[in-house]
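The structure appears right after this line, and notes come after that.
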Amino acid sequence: MKRVGQIWSPGPSNILVPTGIFSDSSIRSKSTFLEIKGRAEAIEDLYANLGVRLPPDSGLGGMIQNAKELWESWFLDNTSGQTYEMLFMAMHLDRIAEAILPLKGEQKQVQYLRDLLSGTLDFFEREPSHAKNVFWELEIWSRLRKKTKQVFLREPPDVVVDFGDSHIGIACKKIYSERHVQNVLSEAVNQIQKEYEFGIVAVNIDDLLPAKATLNLNSSKAVAERLNQYNQEFLQKHGRHFRKYLAKARLISAIISSCIISDVPNEKPRFNNAWQWTVWTISGLPKEHQIQLDRFYDIVMN
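The numbering of the sequence shown is the numbering used here, which starts it at 40 and goes up by one.
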């Protein structure tokens, strides 16, 4: 299984961008298929042990069954039983498992598991989904959790980083349409100001990328650059809204995230879950806010 960490570098207009790519799935080895099957069963166990019914006809239930069937076909060398659709669904499940499995022992784990059954988790589909909204909260939390144990699922807003002497609230928002970005940012501010002086908005734009598509390019570097381009274009198009809310100092930074299955035929593994974060802040923040922001990104970037 290939894992490539993030490499961050400064960009223009107070933007920090990761110039590397994090790829977290391979679909070309039996060991990896076995690992994905194992993760599928671990998700089943998590639901069962907490007494939460996981319907086999739910989106998540279907992904789990697909992972088992894919492993069986691969193990039996039944090539007719393998399709790219099955492979990509298994990769989606692998991404989901990264965020779900760390829930074990969390205070509201049962509620999160139930919420993940409310709507589609198919990342190829382009439709609003409560399950996707909740998954984005868990994905932010689980990725930050790899960097620090002082990150918690807490509402409001969605995720909180606890520095002991201060806290940063993170409002996690999924964008399904570019028509209401201002409203989404306003909601993020309302979530944060209920309990926190300032915070960060984490915006996921996966559903603005082409539907039912992989990103086919000639190198992982090119994939990273293209995803960063998507993020930058979104920021530029809606920059006035971000500047408006960041200038009020309620939001001190924005994270724009995009994730897609990349297809790089001349690299191994050929297919990967590729994701990119572009971080935007503005100059002239109050000193206390800048200190907390620097502390946060020191953790994220290291």
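C-beta atoms are modelled at their ideal positions from N, C-alpha and C, and glycine is treated no differently. Owing to the predicted nature of the structure, the values given are computational and were not obtained by experimental measurement.
- Query: Taking just the CA atoms, how far does Glu264 sit from Val223?
  - Reply: Here residue 223 corresponds to residue number 184 of the sequence shown, with the count starting at 1. Here residue 264 corresponds to residue number 225 of the sequence shown, with the count starting at 1. Rounded to whole angstroms, the separation of the alpha carbons of Glu264 and Val223 is 26 Å.
- Query: Taking all protein chains shown into account, do 16 or more other C-beta atoms lie within 10 angstroms of the C-beta of Gln315, making it buried, or fewer, making it exposed?
  - Reply: Along the sequence shown, one-based indexing puts residue 315 at 276. Gln315 should be labelled buried.
- Look up Phe202 in the DSSP assignment and say whether it is helix, strand or coil. Within the sequence shown, residue 202 is the residue found at index 163, counting from 1. Here Phe202 sits in coil by DSSP.
- What is the DSSP secondary structure of Lys307, counted as helix, strand or coil? Translated into positions along the sequence shown, residue 307 becomes position 268. In the three-state reduction of the DSSP assignment, Lys307 falls in the coil class, being assigned neither a helical nor a strand state.
- Are the segment 166-180 and the segment 109-124 in contact at 8 Å, needing three or more beta carbon pairs? The way I'd put it, the segment 166-180 doesn't touch the segment 109-124; fewer than three beta-carbon pairs between them come closer than 8 Å.
- Task: Please look up how many angstroms separate the CB atoms of Glu284 and Asp246, rounded, as I've assumed it's under 8 Å.
- Result: Working through the sequence shown from its first residue, we reach residue 284 at position 245. Working through the sequence shown from its first residue, we reach residue 246 at position 207. Sequence inspection shows Tyr at residue 284; the Glu mentioned does not correspond to that position. Actually they are not in contact, since the Cβ atoms of Tyr284 and Asp246 sit about 21 Å apart, beyond 8 Å.
- Query: So what's Ile231 in DSSP terms, helix, strand or just coil?
  - Reply: One-based indexing of the sequence shown puts residue 231 at position 192. Reduced to three states, the DSSP call for Ile231 is helix.
- Hey, which unbroken runs of the alpha helix (DSSP H) at 4 residues or more fall wholly within the segment 168-212? Every unbroken stretch of the alpha helix (DSSP H) spanning 4 or more residues and falling wholly within the segment 168-212 is given here in chain order: 169-184.
- Quick one: Cα of Trp180 to Cα of Asn312, how far? Locating residue 180 in the sequence shown gives position 141, counting from the first residue. Locating residue 312 in the sequence shown gives position 273, counting from the first residue. The straight-line gap from Cα to Cα measures roughly 18 Å.
- Task: Return the chain-ordered list of same chain residues with a C-beta closer than 8 Å to the C-beta of Glu164, the five sequence neighbours on each side being excluded.
- Result: Indexing the sequence shown from 1 puts residue 164 at position 125. Counting only Cβ-Cβ distances below 8 Å, and skipping sequence neighbours, we find Ala250, Lys251.
- Query: Which runs of the alpha helix (DSSP H) spanning at least 4 residues fall entirely within the segment 88-144, listed in chain order?
  - Reply: Counting only runs of 4 or more, we get 98-114, 123-139.
- Report the rounded CA-to-CA distance for Gly234 versus Phe310, giving the unit in angstroms. The residue labelled residue 234 in the question sits at position 195 within the sequence shown. The residue labelled residue 310 in the question sits at position 271 within the sequence shown. Strictly speaking, residue 234 in this sequence is Glu, with Gly absent from that position. One alpha carbon belongs to Glu234, the other to Phe310, and they sit about 42 Å apart.
- Query: For the beta strand (DSSP E) that Leu290 lies in, which residues bound it at each end?
  - Reply: For the purposes of this step, residue 290 is identified with residue 251 of the sequence shown, where counting begins at 1. That run of the beta strand (DSSP E) goes 290-302.
- Message: Rounded to the nearest angstrom, what separates Gly278 and Gly323 at their Cα positions?
- Response: To locate residue 278, count along the sequence shown from 1; it is residue 239. To locate residue 323, count along the sequence shown from 1; it is residue 284. C-alpha separation (whole angstroms): 17 Å.
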